[in-house]
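Presented below is the structure to which this report refers.
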Ligand code: 3HC
Ligand code: NAI
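Residue numbers (the UniProt record's numbering): 1 to 688.
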C-alpha cells in the first residue's frame, strides 16, 4: 500500500482514504497510492463497491502544481483515472472541502459523487493559465451541457455543493460531519439497486443537442471577449468544449491533451503558476518566524470615513468584525455610512448577498464623532487626509486613548511611518496597513513595518489579511512603499513621452495591448485630473488642462473628449495644449515610435525601481513586488508582474535599453546595481 493512504473493507465496501496534507494534491505518492488501492479493490472478491474519501481539510485540490515543468513520474494522472473508470465495481467519490481541478476530474471518473453541503467543486485551471487536462473539458459538458460547462471552466469559480447538485455535478448531498457513513450508505444502496454501471464518458444526452450549434460558442466568445482578452487558456477551453460536443469521446480527449500541452508550455501559464505560489509566499518573513504569537483582533476602529475609510471598514464588516467608525462631523459620518450602505445594496441587487446580510453588516458599525470611542478596540486603522501634521496629531491623541496592546495602523500612501509612530509613546505597536482603492475590492494589503514595529504586530497584520480576503505584502518604510513607488515610474514616463511625439491614445493603446485594463491617461481622466497630484508645484500638461476645467470624465474632457455615454475620442484641445507645452520646453519629437518602444520606456523603469526596492531591502523578494503590482495595480497576471516579466524579456536587454535612455535622458534611468549584477551573471529575479 502506498505511503499516503489507508485501505479498509467494511461489509463488502472498500474505503480508500487518502491523507496527503496540506490539500491532498495529486502528486506522485498520491497517484501511486490510488493506483495500488484501486487495483487491490478490483482484485479482491470480497469488495463489491468502493468509497474514495480524503482525510484532512479537503478532497483532492488538483494536480500537484509544484510538479509542473519537472520530469514526469508514472503512474500519470490519466492512467490512474482510467484504472478507476474502467473498473467493474461502483466507485463513490465522497467530497468535503474543495474538489478542484484534477481532484474534481478524479471525481468525474467515479460512478457517483456525494458531497457535504459545505463542499465546493470546480475546475479552476484557467487561473493557472491551463485547461482541465484530465478529461474535465470532455466530461463536464456531458453532465451539465456545453453552456454551463463553459461558464464553470472559463470563470474557474468553484460551485457550492447545493448548486452542484442542482446542476448534476454531484449526485447526492451527505450530512455535514457524516460524509463517510453517508457515502457507505450510498454505496449500499447502489449495490441494492443493482443498476448497471454508468460512466460519464458514455453519456451523450447533454451534448448531442448542441451538435452543429456554432452560435453557442461564437456568442460565448463574443460575450466574454473582455475578460478573456490577453489570456490564452479561456479560448482553448472553448475549443475543447466544442470538441466535446462535436467529436467522439476519445478524439475529444486527444484534442484536450494537445491544447493542454500548448498551454502548459506557454509563458502565460508559467507566469500564472508562479503567481499562485508567489501569493502564498508573501507571509514568509525571514526574521519573523511563523511561530510568532499573534494578537487576537475582535474589534476594529477606523478613523476617517472617506474614500478609503469606508472601504477599509467594509472588509472587516464582511468578515463579521464590529467596526467603530470615527469622523469629525455628523455630516461626514452620515455620508461615509451612506456610501457603505449603497455599496452593500448594490451587491445585494446583483444577488451576491442577501438583504438580511446587508442589515447584519450595517448593524456591526458603531458611528462616533471622537477618538474616545476607540478606547477598547483591538486595532485602529487611520485613514484621514494625507498630511503629516494631521496624522501626527491623530496618533498623539490616539496614544492617550487606545488601550495598551491595541495595534495602531495607518493607511498612509506615501508618508514616513516612523515619524507617525514617533508621535506616540508606543512605536512598536504602530504599523502601516496600506489598502488599495477601492479598498473593499482590491486584494492587496501592503503591511508596512516601521523601524520599531514589533514582530507580534507584524505577524498579526499579516495573518489578519487572510481573514479579510487580502494578500499581504510586507514593505519597509520608503516613499510610496512597494506598489506606488514602482508604478509611479510608469506614470512619470507616460507624462514625459506624451511631450516627445506619441499621443495619449497611442500610449494608452500600447499599455492596454500589453494587458492593463486602462492606460495612464484613461486612468487619470477617470480619477480626475484635479485629484491626481494635487500638490504639484511645477507647471504641467495636467495643470494646464485643469486650468481649462478639463478635469477628466466628470467634465466630459481631460486628455480625451467624452460624449454623454462617456465614450472617449482624441481631443484636439488636449493635443494643442500638449504641443504648446512641448514647444515651450523645447522638447523635440524624438520619443518612442512603436508600441514595443512605448512599453519599454514605461515599464523598464518600473523593473529598475523594483530592483532598487529589492536592493534596499524594502521588499523581501522579487515575487512580492510582482504580487503587489498584480493585486494593487491590476498588472496583467499572465505576464507574471514586472520582475517575472523582466526575466522573460531578458535582463541584459533591459539593462542595455536603460543605459541608452540614461545617456539621452539622464541618470534617473541608470540601471540599479542589482539589475546589472543579475544581468551580467546570467541570473534572474524570479527563477530558482
Ligand atoms: N498543488 C500543489 N500545492 C498546492 C496545490 C496544488 N494543486 N493547492 C494548494 N497547494 C499548496 C499551497 O501552495 C499551500 O502551500 P504552502 O502552505 O506551502 O504555502 C498549501 O497547499 C495550502 O494552500 P492554501 O494556502 O491555498 O490553502 P487554502 O485552504 O486557503 O486553499 C485550496 C485551499 C482552495 C485548495 C487552494 O489551495 C487552491 O485553490 N489550490 C489550487 C487548486 C487548483 O488550482 N487546482 C488545479 C490544479 S491544476 C490541475 O489540476 C491540472 C489538471 O487539470 C490536470
Ligand atoms: P478622503 O479625503 O476621501 O477621506 C478622509 C476622511 O478623513 C474625510 O472624510 C475626513 O473628514 C476624515 N478626517 C480628517 N481628519 C480626521 C480626523 N482627525 N478624525 C476623523 N476623521 C478625519 O481621503 P482618502 O482618499 O480616503 O485617503 C485617506 C488616507 O488613505 C490618506 O492617507 C491617503 O493617502 C490614503 N490612501 C488613499 C488612497 C486613494 O486611492 N484614495 C489609496 C490608498 C491610501
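Where is the CB? At the ideal position from N, CA and C, for every residue including glycine.
DSSP places residue 652 inside the alpha helix (DSSP H), whose first and last residues are 651 to 665.
Between residue 628 and residue 654, the gap from beta carbon to beta carbon reaches 9 Å or more. If you draw a straight line from the Cα of residue 584 to the Cα of residue 479, it is about 31 Å long. Set against 8 Å, the gap from the CB of residue 380 to the closest heavy atom of ligand 2 is not smaller. Relative to the non-hydrogen atoms of ligand 1, the Cβ of residue 19 never comes closer than 8 Å to any of them. Counting along the chain, residue 237 sits inside the alpha helix (DSSP H) bounded by residues 233 to 246. With respect to residue 312, residue 481 sits apart: the two C-beta atoms are not nearer than 9 Å. Between the alpha carbons of residue 356 and residue 463 lies a gap of roughly 29 Å. Short note on residue 159: C-beta not closer than 8 Å to any heavy atom of ligand 2. Residue pairing of residue 561 in beta bridges, as defined by DSSP: 557, 569. For residue 391, the Cβ falls inside the 8 Å cut-off from some heavy atom of ligand 2.
Sequence-distant partners of residue 341 (beyond 5 residues in either direction) whose C-beta falls short of 8 Å from its own C-beta, in its chain, are 358, 362.
In the same chain as residue 207, and ignoring 5 residues on each side of it, the C-beta atoms closer than 8 Å to its own belong to 141, 142, 145, 146, 244, 245, in chain order. Taking 9 Å as the cut-off, the Cβ atoms of residue 605 and residue 490 count as close. Around the beta carbon of residue 32, a 10 Å sphere encloses 16 or more other beta carbons of the protein chains shown; the residue is thus reported as buried.
Under the DSSP assignment, residue 473 falls in the beta strand (DSSP E) whose first and last residues are 471 to 476.
Distance from the C-beta of residue 417 to the nearest heavy atom of ligand 2 is not below 8 Å. Residue 73 counts as exposed, since fewer than 16 other C-beta atoms from the protein chains shown sit within 10 angstroms of its C-beta.
Under the 10 Å beta carbon count, residue 378 is surrounded by 16 or more other beta carbons and is classified as buried.
Short of 7 Å from the beta carbon of residue 260, and not among the five residues preceding or following it, lie these beta carbons of its own chain, in chain order: 130, 131, 133. Taking C-beta separations shorter than 7 Å and ignoring five residues to either side along the sequence, residue 69 has no partners in its chain.
DSSP places residue 550 outside both helix and strand once states are collapsed to three, so it counts as coil. Taking 9 Å as the cut-off, the beta carbon of residue 450 is found closer than this to the beta carbon of residue 427.
Under the DSSP assignment, residue 301 falls in the beta strand (DSSP E) whose first and last residues are 300 to 303.
For residue 16, the uninterrupted beta strand (DSSP E) segment begins and ends at 13 to 18.
In the three-state DSSP reduction, residue 7 falls in the strand class (E or B). With contact defined as three or more Cβ pairs closer than 8 Å, the segment 227 to 246 and the segment 92 to 102 are not in contact.
In the displayed model, residue 23 falls within coil according to three-state DSSP, outside both helix and strand. The segment 574 to 581 makes contact with the segment 547 to 564: 3 or more CB pairs, one atom from each, lie closer than 8 Å. Here DSSP, grouped into helix, strand and coil, assigns residue 426 to coil. Per DSSP, the unbroken beta strand (DSSP E) holding residue 98 starts and ends at 98 to 100. The shortest CA-to-CA distance from residue 336 to any of 195, 366, 321 is the one to 366. Linking residue 601 to residue 592 through their CA atoms gives a straight-line distance of about 7 Å. Put simply, of 519, 500, 29, 37 the residue whose alpha carbon is nearest the alpha carbon of residue 588 is 500.
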